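Take a look at the structure below.
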Amino acid sequence: NPKFGGIFKMIKISHLDHLVLTVKDIDKTVDFYTKVLGMEKEIFKDTRVALKFGNQKINLHLLGSEFEPKAFNVKDGSADLCFIVDTPLIEAKNYIESLGIKIEEGIVSRTGAMGEIESIYLRDPDKNLIELSNYKSK
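Under the UniProt record's numbering, the first residue of the sequence shown is numbered 1, with each subsequent residue one higher.
Right, here's the structure in full:
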């Protein structure tokens, strides 16, 4: 059926390489993600900014000055991101609270991509929901 690929093979996704966050203030965002979450700032193509962690990155777009092509409905504060952290969750929670950042919820049980997780929730400077999680021991 040509409508569904015909003789061609279905695409198989390997992994997520990067995602884009549209933010009001690049510097505030970089400050939060580097100092609170331990990500690394990367400058690429001379002026573009990304946040690196593991084998992935978050590219940052400034609201109103996005790079093309871009998402159809660009909006700050609309992301809901879950990061698996190596740090024990209670230590992460204590660290975040020591910085004066409010924990929205947690520690609570949730389901991750590969099983049961425990999570805490907080907000970044644009009010995106950030979930930090540990997989439960088996």
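Ideal Cβ positions, reconstructed from N, Cα and C, are used throughout, including at glycine. Keep in mind the model is a prediction, meaning the values are calculated, not measured.
With a beta-carbon spacing of about 24 angstroms, arginine 110 and serine 98 fall beyond the 8 angstroms limit used to define contacts. Of the residues Gly54, Asn128, Lys12 and Lys136, the one whose Cα lies closest to the Cα of glycine 38 is Gly54. Contact check for leucine 132 and leucine 89: beta-carbon distance about 7 angstroms, within the 8 angstroms limit, so the pair qualifies. Secondary structure at aspartate 80: strand, using DSSP grouped into helix, strand and coil.
Non-local beta-carbon contacts of histidine 61 in its own chain, meaning distances under 8 angstroms to residues more than five positions away in sequence, involve Val20, Leu21, Thr22, Val23, Phe67, Lys70 and Val74 in chain order. Taken atom to atom, the span from the alpha-carbon of valine 30 to that of isoleucine 7 is near 46 angstroms.
In the structure shown, asparagine 59 adopts extended strand secondary structure according to DSSP, grouped into three states.
Annotation for threonine 22: the continuous beta strand (DSSP E) segment containing it runs 18 to 23. Annotated three-state conformation of lysine 70 is coil, per DSSP. If you look at phenylalanine 32, you'll find it in the alpha helix (DSSP H) that goes 26 to 35. Taking the CA atoms as reference points, histidine 15 sits about 15 angstroms from isoleucine 84. With a minimum length of 3 residues, the unbroken runs of beta strand (DSSP E) contained wholly in the segment 94 to 121 fall at 105 to 112.
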